[in-house]
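Peer 1: Right, I'll just put the structure down here and ask away after.
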Amino acid sequence: MEWSVEFTHVRERLGSEAGVRSALTWAAHETTTSRKVNMRTRSTVLALSAVLAMACAAPALAASDNGTPPVTLPAMEHKGLAAIGLTADQRLVEFDVDKPSKSVPARRVSGLTGDAKLVGIDFRVQNERLYGVGDRGGVYTLDTGNARATKVSQLTVALSGTFFGVDFNPAANRLRVISDTGQNLRHNIDDAAAAPGTAVDGPLTNPGTPPATASGVTGAAYTNNDLNAATATTLFDLDTLADRISLQSPANAGTLAPTGSLGINAVPDAGFDIYSSPRTGTNRGFATISTGGSYALYEIDVLNGRATSRGAFPGRTQVTDIALPPNQG
615 MEWSVEFTHV
625 RERLGSEAGV
635 RSALTWAAHE
645 TTTSRKVNMR
655 TRSTVLALSA
665 VLAMACAAPA
675 LAASDNGTPP
685 VTLPAMEHKG
695 LAAIGLTADQ
705 RLVEFDVDKP
715 SKSVPARRVS
725 GLTGDAKLVG
735 IDFRVQNERL
745 YGVGDRGGVY
755 TLDTGNARAT
765 KVSQLTVALS
775 GTFFGVDFNP
785 AANRLRVISD
795 TGQNLRHNID
805 DAAAAPGTAV
815 DGPLTNPGTP
825 PATASGVTGA
835 AYTNNDLNAA
845 TATTLFDLDT
855 LADRISLQSP
865 ANAGTLAPTG
875 SLGINAVPDA
885 GFDIYSSPRT
895 GTNRGFATIS
905 TGGSYALYEI
915 DVLNGRATSR
925 GAFPGRTQVT
935 DIALPPNQG
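Structure, rendered in structure tokens:
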């Protein structure tokens, strides 16, 4: 079961973010029953920041843990929120989101079977392990200390595209994979109670904006990355062609609705993740983006799309994807 939240707005007529906020109310939407309650405005879709911590009846499905304990991060003193990055030369690095210039490198990713490289990484809240997806569809757990990959699953649908977004749906316990060609996949890794393999969901689309199929979407991230049955989850995408953030809702249909511009000109290959705080119930978006030179870390406001630089990565550490370990506080 995949849950999402839909919003509509007339940004031009409201004139300000405060006006947008005051005009909106939120409502839950369950894709499996097509039950929808829309916002009291019109035109395109807007994601309200309140959804990032909303409370509604969205049951989180328990995952089967393979019995392997979570992999701990390398020895590094963290004074802030920790993150793991995947570099362009296939290495894992560790850094604080407030100091990306202090990245600590790990070894080059090894152990891939049938894949030449990883195209995306994400932490899975069900077992708190880091996963990676290979360019030929292999799914791996990754040791964040030595970058060793262990194959645990295989996509049953070939990947289509050059750049990809990879993220776990915490409520449905499914791996979402999207691409810059509009591909939209949903993969069951180890849920024996459901159909195995990879589902081909509706292609990513921008309704009313030709061409209908969205190209250039290279990052995906779910909110509320927890196992709390009282919270729902919503999928946001990073579009590096249009330089904006979009709400993907319903996620299985692939329907996109822009929430706002990044304010920067991003190159196609970028990473995106959202950290959900179990203590405060808030969600913070982060992206690794290059604007034509070196990569930098940006904090993303998914309400309005605004990207705020948190600093550049070291010259030899070009981080193209990011994953934030859950339950850091």
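Residue numbering for the sequence shown follows this note's numbering, beginning at 615 and increasing consecutively.
All C-beta atoms in this analysis are idealised placements derived from N, C-alpha and C, irrespective of residue type, glycine included.
1. Give the list of continuous beta strand (DSSP E) stretches no shorter than 3 residues that lie fully inside the segment 807-888.
2. Would you mind working out which of Glu708, Arg858, Lys713 and Phe777 sits nearest Arg722, comparing C-alpha positions?
3. Note the first and the last residue of the continuous beta strand (DSSP E) segment covering Phe782.
4. Near Val733, which residues of its chain fall below 6 Å by C-beta distance, leaving aside the five closest residues on each side in sequence?
5. At a cut of 8 Å, does the segment 910-924 reach the segment 854-862 through at least three beta carbon pairs?
6. Classify Gly816: buried if its beta carbon has 16 or more other beta carbons within 10 angstroms, exposed otherwise.
7. Look at the alpha carbon of Pro683 and the alpha carbon of Glu742, and state the distance between them as a whole number of angstroms.
8. What did DSSP end up calling Ile803 once you bin it into helix, strand or coil?
9. Can you tell me the Cα-Cα spacing of Val659 and Thr869, whole angstroms?
10. To the nearest angstrom, report how far apart Asp710 and Arg738 are at their CA atoms.
11. Quick check on the DSSP output: what are the complete alpha helix (DSSP H) runs of length 4 or more inside the segment 904-940, in order along the chain?
12. Out of Leu841, Ala871, Gly943 and Ala702, point me to the one whose CA is closest to Pro882's CA.
13. Is it buried or exposed, Ser793, if we count other Cβ atoms within 10 angstroms and call 16 or more buried?
14. Just to confirm the assignment, what range does the beta strand (DSSP E) spanning Pro892 have?
15. Please state whether DSSP places Arg750 in a helix, a strand or coil.
16. Do Leu849 and Ala761 have their C-beta atoms closer together than 7 Å?
17. Are the CB atoms of Gly833 and Gly885 nearer to each other than 7 Å?
18. Out of Asn798, Ala921, Lys765 and Ala786, state which residue places its alpha-carbon closest to the alpha-carbon of Val771.
19. Ala926: which of Ile698, Lys716, Leu700 and Ala696 sits nearest, CA to CA?
20. Just mark Arg654 as buried or exposed, buried being the case when its beta carbon has 16 or more other beta carbons within 10 Å.
21. Given Gly699, which residues of its chain have a CB within under 6 Å of its CB, disregarding the five upstream and five downstream residues?
22. Below 8 Å on the Cβ atoms is my guess for Val766 versus Val753; work out the distance and round it to an integer in Å.
23. Considering only C-alpha positions, which residue in the set Ala880, Asn783 and Ala846 is nearest to Val831?
24. Can you look up Gly943 in the DSSP assignment and give me helix, strand or coil?
25. Residues bridged to Asn798 by DSSP?
26. Which partner residues of Lys765 appear in the DSSP bridge assignment?
27. Three-state secondary structure (DSSP) at Leu695?
28. Quick one: grab the DSSP three-state call for Val733.
29. Could you check the C-alpha separation between Ser890 and Asp736 for me, to the nearest Å?
30. Comparing C-alpha positions only, which one of Arg930, Gln942 and Pro939 sits nearest to Gln704?
31. Within this structure, are the beta carbons of Ala826 and Thr819 separated by less than 7 Å?
32. Restricting to Cα atoms, I'd like to know which of Leu769, Tyr745 and Ile888 is closest to Thr758.
Peer 2: According to the structure data:
1. Counting only runs of 3 or more, we get 811-814, 831-836, 849-853, 858-862 and 870-875.
2. Start at 1 with the first residue of the sequence shown, and residue 722 comes out as number 108. The closest CA to that of Arg722, considering only Glu708, Arg858, Lys713 and Phe777, is found on Glu708.
3. Position 168 of the sequence shown holds residue 782. Residues Phe778 to Asn783.
4. What you label residue 733 is simply residue 119 of the sequence shown in a count that begins at 1. For Val733, the CB contacts under 6 Å within the same chain, skipping 5 residues up- and downstream, are Val747, Asp749 and Phe778 in chain order.
5. Contact holds: three or more Cβ-Cβ distances are below 8 Å.
6. Position 202 of the sequence shown, counted from the first residue, corresponds to residue 816. Classification for Gly816: exposed.
7. Here the question's residue 683 lines up with position 69 in the sequence shown. Here the question's residue 742 lines up with position 128 in the sequence shown. Here Pro683 scores only 47 on pLDDT, less than 50, and its place in the model should not be relied on; the value that follows carries that caveat. If I take the Cα positions, the gap works out to 8 Å.
8. Here the question's residue 803 lines up with position 189 in the sequence shown. Three-state result, Ile803: coil.
9. Against the sequence shown, residue 659 aligns to sequence position 45. Against the sequence shown, residue 869 aligns to sequence position 255. Because Val659 carries a pLDDT of 34, less than 50, the predicted location of this residue cannot be relied on, and no value is offered for it.
10. As a first step, residue 710 must be located in the sequence shown, where it is residue number 96. As a first step, residue 738 must be located in the sequence shown, where it is residue number 124. Those two C-alpha atoms are separated by around 20 Å.
11. Taking only runs of at least 4 residues, no alpha helix (DSSP H) segment lies wholly in the segment 904-940.
12. Translated into positions along the sequence shown, residue 882 becomes position 268. Of Leu841, Ala871, Gly943 and Ala702, the smallest CA-CA separation from Pro882 is found for Ala702.
13. In the sequence shown, residue 793 corresponds to position 179, counting from 1. Buried is the call here.
14. Position 278 of the sequence shown, counted from the start, is the residue given in the question as residue 892. Premise fails: Pro892 is in no beta strand (DSSP E) and is neither H nor E.
15. Taking the sequence shown and counting its residues from 1, the one referred to as residue 750 is at position 136. In this structure, Arg750 counts as coil in the three-state DSSP scheme.
16. Position 235 of the sequence shown, counted from the start, is the residue given in the question as residue 849. Position 147 of the sequence shown, counted from the start, is the residue given in the question as residue 761. A distance of 7 Å or more separates the beta carbons of Leu849 and Ala761.
17. Within the sequence shown, residue 833 is the residue found at index 219, counting from 1. Within the sequence shown, residue 885 is the residue found at index 271, counting from 1. Gly833 places its beta carbon less than 7 Å from that of Gly885.
18. As a first step, residue 771 must be located in the sequence shown, where it is residue number 157. Comparing Cα positions, the closest option is Asn798.
19. Walking along the sequence shown from the start, residue 926 turns up at place 312. Of the residues Ile698, Lys716, Leu700 and Ala696, the one whose Cα lies closest to the Cα of Ala926 is Lys716.
20. Translated into the one-based positions of the sequence shown, residue 654 becomes position 40. With a pLDDT of 25 at Arg654, under the threshold of 50, the predicted position of this residue should be treated as unreliable, and no value is reported.
21. Here residue 699 corresponds to residue number 85 of the sequence shown, with the count starting at 1. Closer than 6 Å at Cβ, skipping near neighbours: Val707, Val933 and Ile936.
22. Taking the first residue of the sequence shown as 1, we reach residue 766 at position 152. Taking the first residue of the sequence shown as 1, we reach residue 753 at position 139. Contact between Val766 and Val753 holds, with the beta-carbon distance rounding to 6 Å and staying under 8 Å.
23. For the purposes of this step, residue 831 is identified with residue 217 of the sequence shown, where counting begins at 1. Residue Ala880 is the option with its Cα nearest to Val831.
24. Counting from one through the sequence shown, the residue named residue 943 turns up at place 329. Note: Gly943 maps to coil in three-state DSSP.
25. As a working note, residue 798 is residue 184 in the sequence shown. Paired residues: Ile792.
26. Here residue 765 refers to the residue found at position 151 of the sequence shown. DSSP links Lys765 through a beta bridge to Tyr754.
27. Numbered from 1 along the sequence shown, position 81 holds the residue referred to as residue 695. Coil.
28. Numbered from 1 along the sequence shown, position 119 holds the residue referred to as residue 733. Val733 falls in the strand class under three-state DSSP.
29. As a working mapping, residue 890 is identified with position 276 in the sequence shown. As a working mapping, residue 736 is identified with position 122 in the sequence shown. Between Ser890 and Asp736, the C-alpha separation is close to 13 Å.
30. In the sequence shown, counting from the first residue as 1, residue 704 sits at position 90. Each of Arg930, Gln942 and Pro939 was checked against the Cα of Gln704, and the nearest Cα belongs to Arg930.
31. Here the question's residue 826 lines up with position 212 in the sequence shown. Here the question's residue 819 lines up with position 205 in the sequence shown. It is a contact, given that the beta carbons lie within the stated cut-off.
32. Position 144 of the sequence shown holds residue 758. Thr758 has its Cα closest to that of Tyr745, out of Leu769, Tyr745 and Ile888.
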